[in-house]
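Each protein sequence line maps, in turn, to chains A and B.
For the first sequence, the residue numbers in the numbering used here are 15 to 456.
For the second sequence, the residue numbers in the numbering used here are 90 to 409.
Positions of the beta carbon are idealized from the N, C-alpha and C atoms, including for glycine.
Note that the structure is predicted; figures quoted are calculated from it, not measured.
The next block holds one structure in the form of structure tokens; read it before the comments.
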Amino acid sequence: MSSHPTPSERPVGQLPEGAAVQKNVAKRQFFGKLWQATLITSTLVALVVLLLLAWNIVNDAFGGIAIQEAVEIETLTGGPELDELSQAELVAILEANLRSRVLNNLNRDQPLAERDSANLIEIILLEIVKPEVVDTYKLQEYLFERERIIAELAVSHPRAELEFRSWLSSDFLFKPMSSNPVMAGVRTALLGTLWLLVLTIVISFPLGLGAAIYLEEYQNDKPFDERNPLGRIANAFILRTSGIISTNIYNLSGVPSIIYGMLGLAIFVRALEVFTSGRVFGLAADATANGRTVIAAALTMSLLVLPVVIIASQEAIKAVPSSLRQASYGLGATKWQTIWRIVLPNALPGILTGTILAISRAIGETAPLIVVGASTFIVTDPTGPFSKFTVLPIQIYNWTARPQDEFRAIAAAAIIVLLILLLSMNATAIILRNYLRSKRMV
Amino acid sequence: MAEQVQARGEARVLRGSRAQALDLRKRPRIGETIIQTVLFICGFISIFTTIGIVYVLGQESLRFFASEEVNLVEFFTNTVWQPVIGEFGIIPLVNSTMMVTIIALLVATPLGLAMAIYMSEYASERMRAILKPVIELLAGIPTVVYGFFALTFVTPLLRDLFGRDVVQIYNVMSAGLVVGILITPIIATLSEDALSAVPVDLRQASFGLGATKWETAINIVVPAAFSGIVAAVIIAMSRAIGETMVVALAAGASPAFTFNPFMPAETMTGHIARISGGDLSYNSIDYNSIFAIGLVLFFMTLALNIMSRAIVRRFREVYE
């Protein structure tokens, strides 16, 4: 037996001695460092995933395309570019190359001679030149494997030209939806999102704030006259319900968002169709108007964000020191005066931040809007709360679900638009909070 | 009497000799009562929401179960969901949901817990200032972007790793992995809150006895915060069950009862999204069926949320 017993040889309860202590400590510290390295690696996984996500999106949203034109512009014009030609020459090209039926249709809408050059060029490109995207390439391929791509193109599509394409462009932002991915834009979806945003804020902010004020300030208050037995009963009822409301809000914040969508579908879209389609106000968009409108979606999203707005506002109101309230009461103010003039202005930065963050989360929600019935294909911009609509996340969902590469590219571009929107909302929240904090009374 | 003095600003002489029984109970003002009632209604709307959810889901589900093609027992035991031939068994959908959830938890729990332990025990202020925004960024990304990521990055990666015949284009594994990434911030932040709430004295005592940082973290701090960590995992599980977009994009559109994660299998939420995204006639059996599925989903997530709250309340160790 050695003079330094190992743990298995040592009687229970006896600590190591002498040099064994060094070994023991060294071993434990070694394992500690090992585990620390594991922890750091796991934490870095988060960063790596974020970077992979960003790279994946950028890789798809920018890249190269191979464009092939049905009729080359040079053969059409005999040399000069389209924008160098006069309007009369453009009309001549159209009349020479289009079938008479198409020409008659165009002339019926507006005579060719009266259209401006830009319009004529557009028609020439659309009907005669017909640029067609024969292949799409991701950014990585375009940057690093260009020779291979050019060699492949020389074989499969000899007349095609390879050029850089940013699928995210100002055109993309302003063009309406289209079934052709090259010409599609997110304008319809973006407007729908903005309409939804504004209406949701208008509906949920007052309701959420009111509920939060009630829960924080009035929960133990007795509004009805205690001297009256009816008043006592009313007070008891209100007190009992307030506790239920708090628990209820907490549970609601954990309900999956798609269930809110089903609630909205059954109530706002179906049962209240007269209201949400605008028919009761005489503002129905057209004969096919149904309840699947922006206002129905906004009501649904308001229900979705309400628990979060309430909880965030509650925290902000709770944070106002009670010394301020007591001072106000001491000067003889009523409860509401105290709330309106003292508590709310002090809690406003927190309330606004929480609300903006909650609603920015709602912008990214897709599932409830799918159920409520955002249109999958709509080309007209939403003009009011009673119009049919689509939103950016649903657009992304539609485009991602399609197999063609070009749709994936524009889905990635739309994702960038969505992320920029979210980022700006979060930035607004932070800036607003800092600004209001600097102006606070306390 | 006293409030009248303050409000009017004039002094009133109290006839002290007269023994008056002053009624000092609070006399409510009408304006205050009105405001309080209005605010109460605002709070009450949240109850309307819950009542609305239960009522709507219940009513339409009742209509679903009342129709002839559907049988309550069959609904819970049949392993086929094919409305075209009248088979309404929810087991394939629930099975797929649970597969995605389990894969997600297997990914998220170690990662989230590791992040939480690192942030609360090891990280310096600077590291924490970098890590917290990263985790919040991950939590704030819309789920449809995660769905895009799953379909365009994770699935091709899996197909390259395991072979194109093994892994189908739509498969449960990539959906599960991405949902796992999605719920990791939830576990990380909630566990970190729980770990930070453990008082410093316990750690100091452990260091005083000669334990290393890792031994303290694993043997002292984590068991102390265990209720909070379990609650975090349960909340994350509930979130994974309710997740729609990732599974709708990556897991496929055909309900299938399979235990192979590399095959497509539609989940409850994916099915609801697909059916309501198409042309839906009200009062068709398809329309009613999504409410029945929604009811099951609602009760599952509600039960999990209540359980997590109960665990925190019952098992939280109070040190002060």
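Item	Value
Beta-carbon proximity of residue 61 of chain A to residue 207 of chain B, cut-off 8 Å	no
Rounded straight-line distance, which links the Cα of residue 333 of chain A to that of residue 98 of chain B	Residue placement at residue 98 of chain B cannot be trusted, given a pLDDT of 40 that sits under 50; what the coordinates show is reported in the next sentence. Going from the Cα of residue 98 of chain B to the Cα of residue 333 of chain A covers about 33 Å.
Contact with chain A by residue 204 of chain B, beta-carbon distance below 8 Å	yes
Length at least 4, wholly inside the stretch 207-274 of chain B: the alpha helix (DSSP H) runs in chain order	214-229, 232-238, 244-251
Rounded separation between residue 203 of chain B and residue 277 of chain B - CA only	8 Å
Proximity of residue 424 of chain A and residue 195 of chain A at Cβ, strictly below 8 Å	yes
Top-ranked residue by Cα proximity to residue 328 of chain B, from B/371, B/259, B/231, B/393	B/393
Start-to-end residues for the beta strand (DSSP E) that takes in residue 185 of chain A	Note, residue 185 of chain A: premise wrong, no beta strand (DSSP E); alpha helix (DSSP H) at 184-188.
Residue burial classification, residue 158 of chain A (beta-carbon count within 10 angstroms, cutoff 16)	exposed
Burial state of residue 188 of chain A (16 or more Cβ within 10 Å)	exposed
Members of the stretch 231-247 of chain B near chain A, C-beta cut-off 9 Å	231, 232, 233, 234, 235, 236, 237, 238, 240, 241, 242
Test: residue 314 of chain B CB closer than 8 Å to a CB of chain A	no
Residue 354 of chain A - DSSP class collapsed to helix/strand/coil	helix
Whole-number beta carbon distance between residue 260 of chain B and residue 244 of chain B, since they are thought to touch under 8 Å	7 Å
Contact with chain A by residue 170 of chain B, beta-carbon distance below 8 Å	no
contact_flag[the stretch 380-388 of chain B, the stretch 261-278 of chain A] where n(CB pairs < 8 Å) is 3 or more	yes
Given residue 261 of chain A as reference, the closest of B/373, B/253, B/135 once Cα atoms are compared	B/135
Cα-Cα separation between residue 375 of chain B and residue 153 of chain B, rounded to whole angstroms	9 Å
Residue of A/313, A/320, A/63 minimising C-alpha distance to residue 226 of chain B	A/63
Proximity test, Cβ basis, 8 Å: residue 286 of chain B and chain A	no
As assigned by DSSP and simplified to three states, the class of residue 342 of chain B	coil
Classification of residue 331 of chain B by the beta-carbon crowding that lies within 10 angstroms, buried from 16 upward	buried
Near-chain B residues of the stretch 40-57 of chain A (beta-carbon distance less than 9 Å), N- to C-terminal order	42, 43, 45, 46, 47, 48, 49, 50, 52, 53, 54, 55, 56, 57
Positions along the stretch 392-414 of chain A whose CB lies within less than 7 Å of some CB in chain B	407, 410, 411, 414
For residue 366 of chain A and residue 230 of chain B, the rounded distance between their alpha carbons	21 Å
Within 8 Å, strictly: CB atoms of residue 132 of chain B and residue 228 of chain A	yes
Chain-ordered residues of the stretch 419-450 of chain A with a beta carbon less than 8 Å from chain B	422, 425, 426, 429, 432, 433, 436, 440
Neighbourhood of residue 218 of chain A by C-beta, 6 Å cutoff - its chain only, sequence neighbours within 5 removed	316, 319, 320, 323
As assigned by DSSP and simplified to three states, the class of residue 348 of chain B	coil
For residue 111 of chain B, the three-state DSSP class (helix, strand or coil)	coil
Inter-residue CB distance, residue 311 of chain A and residue 383 of chain A (contact presumed, cutoff 8 Å)	6 Å
Element boundaries [beta strand (DSSP E), containing residue 273 of chain A]	That residue, residue 273 of chain A, is in no beta strand (DSSP E); its alpha helix (DSSP H) goes 271-278.
Residue-level contact to chain A via CB, residue 355 of chain B, 8 Å cutoff	no
Same chain, Cβ closer than 7 Å to residue 44 of chain A, neighbours up to 5 away in sequence not counted	none
With 16 other Cβ atoms within 10 Å as the buried cut-off, status of residue 303 of chain B	buried
Beta-carbon spacing of residue 373 of chain B, residue 320 of chain B below 8 Å	no
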